[in-house]
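Read the structure below first, then the notes.
In the working numbering, the protein residues as written are 14 to 214.
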C-alpha cells in the first residue's frame, strides 16, 4: 500500500528541551482531563510520542505510579538523555525512554494502553506509516490522543481534518474531538481507537 502523504511537514524541534515546562501549561491544557479521556490511570502503560523534554512523560508517570509505565518516545537523541536524567532526578523508575525512527516508534508489541501525541503530529515525516507501526504496540481497547494546532503542515500546525484522514488510513477509528485545549494555544484534541483485529487492511 502507498502510505505517502501529499503535504509538507515540519522539521522536528531541536531547541531547548526545557522550554515546554512553562508554568500553568498543565492547567491551560487541562492535562488531567486529557488523561481521564484517554483512560490513563494508576497501573496504565502509556506512550508519550514526541516526548521532547518529558513534560507529559513526568505527569503521566506520576499518575500511573509504580505499577504503571510510560514510554517516552522521541526521534531526537538529546531527548532520550534529557528524559533519563530527569526521571533519575525525580526518582521515577517507571519511565523508559526510546529513540524512535521517523516511520516507527519502536515500542514493544501489544503493551500500550494509552498514547498522547502532543504538539508533534505535524512533525511526522511519515505519519501514516508511523501510525500503522504504532498499532502493533497497542493493546485491545487502547486510545490514542493527538493534540495539535491548525496549520498547513510546515508551520508547526496541521488541520484536524487532515490528521483524521491520515490516521483513519492507518487503520484507526475516529472517536471524538475536543477544543478545551485552546487556552494552551492548541486548537484540538482528537481521540482515536484501533479498529477491531481482523478488520485491518
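For every residue, glycine included, the Cβ atom is placed at its ideal position computed from N, Cα and C.
Check: Contact set for residue 149: own chain, Cβ-Cβ below 7 Å, skip 5 residues either direction; Outcome: 122
Check: Cβ pair count under 8 Å reaching 3, the segment 122-132 against the segment 91-111; Outcome: no
Check: Given residue 84 as reference, the closest of 113, 145, 203, 104 once Cα atoms are compared; Outcome: 113
Check: Contacting residues, own chain, Cβ-Cβ under 6 Å from residue 182 (five flanking each side not counted); Outcome: 141
Check: Residue interval of the alpha helix (DSSP H) (run including residue 129); Outcome: Note, residue 129: premise wrong, no alpha helix (DSSP H); beta strand (DSSP E) at 125-131.
Check: Test item: CB-CB of residue 172 and residue 199 under 8 Å; Outcome: no
Check: Spatial distance of residue 71 from residue 105 (CA atoms); Outcome: 8 Å
Check: Cross-strand partners of residue 84 (DSSP beta bridge); Outcome: 60, 109
Check: Burial state of residue 145 (16 or more Cβ within 10 Å); Outcome: buried
Check: Residue 204, DSSP secondary structure in three states; Outcome: strand
Check: Cβ pair residue 73, residue 48 closer than 8 Å; Outcome: yes
Check: Cβ-based neighbour list, residue 202, same chain, cut-off 8 Å, excluding 5 preceding and 5 following; Outcome: 47, 50, 158, 159, 160, 190, 191, 192, 193, 194
Check: Beta-carbon proximity check, residue 127 vs residue 53, cutoff 8 Å; Outcome: yes
Check: With 16 other Cβ atoms within 10 Å as the buried cut-off, status of residue 82; Outcome: buried
Check: Contact under 8 Å by Cβ, residue 156 with residue 204; Outcome: yes
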